[in-house]
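Student: To start, I am sharing the structure in question, which I have written as structure tokens.
There are 2 protein chains.
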Amino acid sequence: MTLSMYQAAVPVLSRRLAILSSLLAKGADHAAAAGIDPSDLLATRLAPDMFPLTRQVQIASDGAKGGVARLAGVEVPSFPDEETTIPELQARLARTIEFVDGVPADRFEGSEDRRITLKAGPRELEFAGRDFLFGFVLPNVFFHVTTAYAILRHRGVPIGKMDYLGAS
Amino acid sequence: MTLSMYQAAVPVLSRRLAILSSLLAKGADHAAAAGIDPSDLLATRLAPDMFPLTRQVQIASDGAKGGVARLAGVEVPSFPDEETTIPELQARLARTIEFVDGVPADRFEGSEDRRITLKAGPRELEFAGRDFLFGFVLPNVFFHVTTAYAILRHRGVPIGKMDYLGAS
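Chains as they are written, first to last, in our numbering: chain F, 16 to 183; chain H, 16 to 183.
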């Protein structure tokens, strides 16, 4: 055994949120340069019944803080969904990163077998911690970061795969 | 330490590819029901300079087999990018899953510290195995599966988040 649950969760999620914040910064730059109202960018969705960019960012935040808190057995911090600008969304991501990074590594000990239940719409899902992380938390956060990226690309923001990967 | 590199790679990637195959099946059903040419679905992209659906599936396959092979220190199987139909793409995913699932778990021992180099466009990237898995392979495969999902949603295929998560 060569990995801890902490290693597979905290730095991975924290990095994704930092990258999402950078993608939003490029969105803001592009909106300014192209004369697009940033609110219009934030309201963009890829299908009429998909969530717009603002909500993608909020759910990425929720997925990361909820996932980490449940694995670590600490209370999930509640952030009201009130952001209406790119800087406000970036501030939320910064607060989320601060929370995620601040959970002590030793709280994750034994979390691979911890029973975790959560509501998903009308259903109650139950997982062992390991399956929760790899089958729910990571897929969910990657989903919303990628969808945010796709919305920005769809609107012409000049970003590429390396911006998503965050490769240095 | 409570996780192995094998656990964090093989079942996670294998499941994503199986889910992607299910999403494609729903795309095929929708195309048949709505009188859309499946080729038209496969050629859809979210931005003029993004890859179309076919290529998203091929790259998800490449990311999974390349990632697993490099971590395990075995040869990367080469699959020609010749698929032109949904069933052909599903066959490729099935072949990829068969390869990924067939790599013995003990080949991953020590892979967290293995030095891995790969070409990404004009650049050479170098990683320790752990960073390769969490900072490159998983982000990359999740990216292409999510983008495939987004393309299908953008074209009106009736799928939802639970289809992406694969929650039972």
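We put the beta carbon where it would ideally sit given N, CA and C, even for glycine. Predicted, not measured: the structure shown is a model, and the values here were computed from it.
Assign E97/H to one of two classes, buried (16 or more other C-beta atoms within 10 Å of its C-beta) or exposed (fewer than that).
Tutor: Locating residue 97/H in the second sequence gives position 82, where the first residue counts as 1. Exposed, because fewer than 16 other Cβ atoms sit within 10 Å of the Cβ of E97/H.
Student: Report back the beta-carbon spacing between S19/H and T17/F to the nearest angstrom; my notes put them in contact at under 8 Å.
Tutor: Taking the first residue of the second sequence as 1, we reach residue 19/H at position 4. Taking the first residue of the first sequence as 1, we reach residue 17/F at position 2. That belief holds up - the Cβ atoms of S19/H and T17/F are roughly 6 Å apart, short of 8 Å.
Student: Are the C-beta atoms of A33/H and some chain F residue less than 8 Å apart?
Tutor: As a working mapping, residue 33/H is identified with position 18 in the second sequence. Answer no: the Cβ-Cβ gap between A33/H and chain F never drops below 8 Å.
Student: Would you kindly work out how many angstroms separate the C-alpha atoms of R138/H and G181/F, rounded to a whole number?
Tutor: As a first step, residue 138/H is located in the second sequence; it is residue number 123 there, counting from the start. As a first step, residue 181/F is located in the first sequence; it is residue number 166 there, counting from the start. Their backbone Cα atoms lie some 14 Å apart in a straight line.
Student: What residue does the beta strand (DSSP E) around R122/H start on, and which one ends it?
Tutor: Stepping through the second sequence from its first residue, residue 122/H is reached at position 107. Segment: none, R122/H is in no beta strand (DSSP E) and carries neither H nor E.
Student: Within the 8 Å Cβ cut-off, does P154/H reach chain F?
Tutor: Translated into the one-based positions of the second sequence, residue 154/H becomes position 139. At least one chain F Cβ lies under 8 Å of P154/H.
Student: Beta carbon of E141/H, beta carbon of R130/H: below 8 Å?
Tutor: Here residue 141/H is taken as the residue at index 126 of the second sequence, counted from 1. Here residue 130/H is taken as the residue at index 115 of the second sequence, counted from 1. Yes. Within cutoff.
Student: List, in chain order, every chain H residue whose beta-carbon is nearer than 8 Å to that of L61/F.
Tutor: Working through the first sequence from its first residue, we reach residue 61/F at position 46. Result: L61, A165, R168 and H169.
Student: Should A23/F be flagged as near chain H, meaning a C-beta pair shorter than 8 Å?
Tutor: Taking the first sequence and counting its residues from 1, the one referred to as residue 23/F is at position 8. It does: the Cβ of A23/F has a partner Cβ on chain H nearer than 8 Å.
Student: Secondary structure at F147/F, three-state DSSP: helix, strand or coil?
Tutor: Taking the first residue of the first sequence as 1, we reach residue 147/F at position 132. The answer is helix: DSSP assigns F147/F an H, G or I state.
Student: Check whether chain F comes within 8 Å of R70/H, counting only Cβ atoms and requiring the distance to be less than that.
Tutor: Your numbering for residue 70/H matches position 55 in the second sequence. Chain F, which has no Cβ nearer than 8 Å to the Cβ of R70/H, makes this no.
Student: Less than 8 Å between the CB atoms is what I'm expecting for S29/F and D116/F, so what's the real figure, rounded?
Tutor: For this step, residue 29/F is matched to residue 14 along the first sequence. For this step, residue 116/F is matched to residue 101 along the first sequence. That pair is a contact at about 5 Å.
Student: Skipping 5 residues on each side, what residues in its chain have a beta carbon closer than 7 Å to that of T111/H?
Tutor: On the second sequence, position 96 is the one that residue 111/H refers to. Excluding sequence neighbours, T111/H sits near L32, S76, A79 and K80.
Student: For V160/H versus L35/H, is the C-beta distance shorter than 8 Å?
Tutor: If you number the second sequence from 1, residue 160/H lands on position 145. If you number the second sequence from 1, residue 35/H lands on position 20. It is a contact, given that the beta carbons lie within the stated cut-off.
Student: Just to confirm the assignment, what range does the beta strand (DSSP E) spanning I131/F have?
Tutor: Here residue 131/F is taken as the residue at index 116 of the first sequence, counted from 1. Run containing I131/F: R130 to A135, per the beta strand (DSSP E) assignment.
Student: Note down the Cα distance separating A40/H from V156/H, rounded to an integer number of angstroms.
Tutor: What you label residue 40/H is simply residue 25 of the second sequence in a count that begins at 1. What you label residue 156/H is simply residue 141 of the second sequence in a count that begins at 1. Distance between the alpha carbons of A40/H and V156/H is about 19 Å.
Student: Taking 8 Å as the threshold (C-beta atoms), are L104/H and G144/H in contact?
Tutor: Along the second sequence, read from residue 1 onward, the residue named residue 144/H stands at position 129. Along the second sequence, read from residue 1 onward, the residue named residue 104/H stands at position 89. Contact: no.
Student: Assign T99/F to buried or exposed, taking buried as 16 or more other Cβ atoms, counted over all protein chains shown, within 10 Å of its Cβ.
Tutor: Taking the first sequence and counting its residues from 1, one reaches residue 99/F at position 84. Flag for T99/F reads exposed.
Student: Any beta-carbon of chain H closer than 8 Å to the one on A127/F?
Tutor: Indexing the first sequence from 1 puts residue 127/F at position 112. Note that residue 127/F is Glu in the sequence shown here, rather than Ala. It does; some Cβ of chain H falls within 8 Å.
Student: Report the neighbours of T17/F on chain H: residues whose CB is nearer than 7 Å to its CB, in chain order.
Tutor: Against the first sequence, residue 17/F aligns to sequence position 2. Simply M16, S19, M20 and E127.
Student: Using alpha carbons as the reference points, say which of G50/H, R107/H, H45/H and S126/H lies closest to F94/H.
Tutor: For this step, residue 94/H is matched to residue 79 along the second sequence. Comparing Cα-Cα distances from F94/H to each of G50/H, R107/H, H45/H and S126/H, the minimum goes to R107/H.
Student: Can you find a C-beta in chain F that's less than 8 Å from the C-beta of R130/H?
Tutor: As a position in the second sequence, residue 130/H is number 115, starting the count at 1. So no, R130/H is outside the interface.
Student: If we count the other Cβ atoms within 10 Å of its Cβ and call it buried at 16 or more, is E90/F buried or exposed?
Tutor: Residue mapping note: residue 90/F aligns to position 75 of the first sequence, counting from 1. Exposed, since its Cβ has fewer than 16 Cβ neighbours within 10 Å.
Student: Which of the three DSSP states, helix, strand or coil, is assigned to F140/H?
Tutor: Indexing the second sequence from 1 puts residue 140/H at position 125. Reading off the sequence shown, one finds Leu at residue 140/H, where the question assumed Phe. Looking at L140/H - three-state DSSP - the assignment turns out to be strand.
Student: Let me confirm a value: P173/F is counted as buried when at least 16 other C-beta atoms fall within 10 Å, else exposed. Which label applies?
Tutor: Here residue 173/F refers to the residue found at position 158 of the first sequence. Exposed: under 16 other Cβ atoms inside 10 Å.
Student: Provide the residue span of the alpha helix (DSSP H) that contains I112/H, from first to last.
Tutor: Translated into positions along the second sequence, residue 112/H becomes position 97. First-last of the alpha helix (DSSP H) with I112/H: I101 to G117.
Student: Along the chain, which unbroken stretches of the alpha helix (DSSP H) at least 4 residues long are found entirely within the stretch 52-102 of chain F?
Tutor: For the stretch 52-102 of chain F, whole alpha helix (DSSP H) runs of length 4 or above, ordered along the chain, are 53-57 and 68-87.
Student: Just the chain H side, please: which residues come within less than 8 Å of F157/F by C-beta, in chain order?
Tutor: Locating residue 157/F in the first sequence gives position 142, counting from the first residue. Going along chain H in sequence order, the residues near F157/F (Cβ under 8 Å) are L153, P154, F157, F158 and T161.
Student: Could you list which residues in chain B have their beta carbon closer than 7 Å to that of R122/H, in chain order?
Tutor: The chain inventory of the structure shown lacks chain B, comprising the protein chains F and H.
Student: In whole angstroms, what separates the C-alpha of M177/H from that of V152/F?
Tutor: For the purposes of this step, residue 177/H is taken as residue 162 along the second sequence, with counting starting at 1. For the purposes of this step, residue 152/F is taken as residue 137 along the first sequence, with counting starting at 1. When rounded, the distance between both Cα atoms is 13 Å.
Student: Run the CB neighbour count on A109/H, radius 10 Å, all protein chains shown included, and call it buried at 16 or more, exposed below.
Tutor: Here the question's residue 109/H lines up with position 94 in the second sequence. Flag for A109/H reads exposed.
Student: Is the distance from the Cβ of R60/H to the Cβ of P53/H below 8 Å?
Tutor: Looking up residue 60/H in the second sequence gives position 45. Looking up residue 53/H in the second sequence gives position 38. No.
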